[in-house]
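Taking it in order: structure first as structure tokens, then the write-up.
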Amino acid sequence: SQQGEEDPQALSIQEGENATMNCSYKTSINNLQWYRQNSGRGLVHLILIRSNEREKHSGRLRVTLDTSKKSSSLLITASRAADTASYFCATDSKYRDDKIIFGKGTRLHILP
Amino acid sequence: EAQVTQNPRYLITVTGKKLTVTCSQNMNHEYMSWYRQDPGLGLRQIYYSMNVEVTDKGDVPEGYKVSRKEKRNFPLILESPSPNQTSLYFCASSVRVGSGNTIYFGEGSWLTVV
């Protein structure tokens, strides 16, 4: 079954505003990661949150994890034009140690 | 510098002409994987390898082959490419999958099959 479904599929906001993206998954996980992809480029790791953590911060990024709802959110504060990219969540299953599954991503566009 | 290098970056080929996309990583990673990315479908895993001489099918393996003879290299082979294999391909590696290890991606290979 598909893990990691991001929501919304696309998001446009003004520069300086905060951007929030959500990720839902279906089976229990050990870890959830967020990745960023600039147009047509490889994905780059942003932040990891483990299943026993509820919130992590890294610079302008804030990630939350709610294992009871099987969901995570990525908040980018004070957005910049350079934040324009696609953002993916990736989960590794508690029951399979050979699988990490990426969602379909949220396309974020920061308007000047 | 930690890198996953894939070649070629861009390729236009004809139906049925065998091609190989190479992938090499310099981080001594055990885990390597190939993905394809298509609009609206996200990243789909083609094949993965947990270590040398160990490969497994991902979600969309049909029409592809891989090999892992050395730890650093994981080539993707299209024996008889077809137009539905036109896509953006990514090679990725990690120390090992799971445990929250970071996955490192190559820059992608744009493949067009005509």
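Chains A and B supply the protein sequences, listed in that same order. Residues 6 to 117 (the numbering used here) are what the first sequence spells out, left to right. Residues 87 to 200 (the numbering used here) are what the second sequence spells out, left to right. The beta-carbon is built from N, C-alpha and C at its ideal position, and this holds for glycine as well.
Chain B places a beta carbon closer than 8 Å to that of Gly110/A, counting this residue as a contact. A contact is defined here as three or more CB-CB pairs under 8 Å, and the region 120-132 of chain B meets this definition with respect to the region 172-192 of chain B. For the pair Asn112/B and Gln89/B, the CB atoms are nearer than the 8 Å cut-off. By alpha-carbon distance to Ser179/B, the top candidate from Met118/B, Arg154/B, Cys109/B is Met118/B. Taken residue by residue, none of the region 56-77 of chain A has a beta-carbon sitting less than 8 Å from a beta-carbon on chain B. Within chain A, the C-beta atoms nearer than 7 Å to that of Met136/B come from Asp103, in chain order. A distance below 8 Å between beta-carbons, with the five flanking residues on each side excluded, links Arg130/B to the following residues of its chain, in chain order: Tyr121, Arg122, Gln123, Asp124, Gly144, Asp145, Val146. With a threshold of 8 Å between beta carbons, Gly149/B makes no contact with chain A. About 7 Å separates the Cβ atoms of Thr106/B and Leu162/B, confirming a contact at the 8 Å cut-off. In the structure shown, the three-state DSSP call for Gln92/B is strand. For Phe191/B, at least one C-beta of chain A is nearer than 8 Å to its own C-beta. Nearest in C-alpha terms to Trp39/A, of all of Ile115/A, Ser98/A, Lys31/A, Asn27/A, is Asn27/A. Around the beta carbon of His62/A, fewer than 16 other beta carbons sit within 10 angstroms, so the residue counts as exposed. Taking 9 Å as the Cβ-Cβ cut-off, the region 33-44 of chain A approaches chain B at Asn35, Asn36, Leu37, Gln38, Tyr40, Gln42, given in chain order. By the CB criterion at 8 Å, Asn35/A and Ser84/A fall outside the cutoff. Here Gly47/A really is in contact with Gly192/B; their C-beta atoms are around 5 Å apart, less than 8 Å. In its chain, beyond the 5 residues on either side, Lys104, Lys151 have a beta carbon closer than 7 Å to the beta carbon of Glu165/B.
Annotation: Ser73/A to Asp97/A spans about 16 Å, alpha carbon to alpha carbon. Gly110/A is classed as buried because its beta carbon has at least 16 other beta carbons within 10 Å across all chains shown.
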